[in-house]
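Participant:
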Amino acid sequence: MTNRRILAALAAIGLSATSAGAATVNFANATCGGGGACANSDPIDPNYGSTAKVAVSYDSDISHSNPLDQLRWWDSE
Amino acid sequence: MASVGYGAAGGEPAIILTPLHGAVVTLDSFDLAAFPNYTTPLTLESQVTILEGSTVVFSSGSISVSNVGHMHFAGPYSSSQSITIEWGPDGFDVGVNNVAFNAEGGNTVPEPSTWVMMIAGFAGLCAMGRRAPKWGSASRA
């Protein structure tokens with residue numbers, strides 16, 4: 001394969017490849033929405049677990065729809 | 078479960094999966110458990126509801142959730158709008174973890190490494206095109 005064909009193949013792979021579709025939200029790796037050190041019971045980053053194709057959001061009380069009252073997370077001691 | 082998402086006291090928590098770029102999201106499974114850090118076993122009454130868009134597609138009814146082990150819920154549930162997992166009525170000491178989902182279809186969204194690969198390929202092609210002799214410009218003996 002010539003260099004030109006190799007480079008064309010690289011470009012074609014880049015054009016056709018897509019982000020991975022499967023994902024798992026596991027709160028052991030959660031990040032906190034407030035920044036800085038992450039402690040138990042901190043609100044979860046609203047984008048935590050999101051992928052290029054799926055946005056993951058949290059609401060601790062859907063009836064109140066308070067954006068500041070997000071889902072939180074705990075760790076076992 | 079060691080690390081779990083839970084709600085505020087008296088709140089009904091929800092995790093919402095919203096597909097982007099015209100994709101369809103599928104919820105495969107998730108786990109539910111009660112707060113594990115009590116020294117004694119804890120059992121709480123709760124109810125799990127799953128919505129495809131605004132349509133309720135699963136309701137567990139009242140179930141007993143323990144902090145010893147966990148309950149596993151399996152789909153699949155699919156939607157082009159959203160998948161919502163709700164539990165309550167008090168989600169303070171009941172939490173969800175290991176939410177497994179996938180997305181298919183929609184517009185392709187290249188990752189950063191993919192952009193690099195594609196741009197490198199095009200840049201290399203351009204560079205080779207500049208260096209190659211043009212047709213008709215080669216000298217004849």
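As you go down the protein sequences, you meet chains A and B in turn.
In terms of my numbering, the numbers along the first sequence are unbroken and rise by one, the last being 77.
In terms of my numbering, the numbers along the second sequence are unbroken and rise by one, the last being 218.
Where is the CB? At the ideal position from N, CA and C, for every residue including glycine.
Nothing here was measured: the structure is a model prediction, and the numbers come from that model.
Among B:A177, B:G146, B:G206, whose alpha-carbon lies nearest the alpha-carbon of L119 of chain B?
Facilitator: Minimum Cα distance to L119 of chain B is reached at B:G146.
Participant: Can you check whether the C-beta of T31 of chain A is within less than 9 Å of a C-beta belonging to chain B?
Facilitator: Taking Cβ atoms only, chain B never reaches closer than 9 Å to T31 of chain A, which makes this a no.
Participant: Classify A180 of chain B as buried or exposed, calling it buried when 16 or more other Cβ atoms lie within 10 Å of its own Cβ.
Facilitator: So A180 of chain B counts as buried.
Participant: Grab the span of the beta strand (DSSP E) containing G165 of chain B for me, first residue to last.
Facilitator: It spans 160-165 - the beta strand (DSSP E) in which G165 of chain B sits, taken as one unbroken run.
Participant: With 16 as the cutoff for other CB atoms within 10 Å, does M194 of chain B come out buried or exposed?
Facilitator: With 16 or more Cβ atoms within 10 Å of its Cβ, M194 of chain B is classed as buried.
Participant: From the DSSP output, in three-state form, read off F169 of chain B for me.
Facilitator: Note: F169 of chain B maps to coil in three-state DSSP.
Participant: Inspect the CB distances between the stretch 49-60 of chain A and the stretch 92-102 of chain B and report whether three or more fall short of 8 Å.
Facilitator: Touching, per the Cβ criterion.
Participant: Could you compute how far the alpha carbon of V102 of chain B sits from the alpha carbon of D167 of chain B?
Facilitator: Cα to Cα, the separation comes out at about 27 Å.
Participant: Got a sec: is the Cβ-Cβ distance from N47 of chain A to anything in chain D below 9 Å?
Facilitator: In the structure shown, chain D cannot be found, because the protein chains are A and B.
Participant: Closer than 6 Å by C-beta to G87 of chain B: which residues in its own chain qualify, once you throw out the five before and the five after it? Chain order, please.
Facilitator: Result list for G87 of chain B: D167, in chain order.
Participant: Indicate the three-state DSSP secondary structure (helix, strand or coil) for G88 of chain B in the structure shown.
Facilitator: G88 of chain B: coil per DSSP, three-state reduction.
Participant: So D42 of chain A contacts chain B; which residues on that side make the cut at Cβ distance below 9 Å?
Facilitator: Those do not exist, as D42 of chain A stays about 12 Å from chain B at its closest Cβ, beyond 9 Å.
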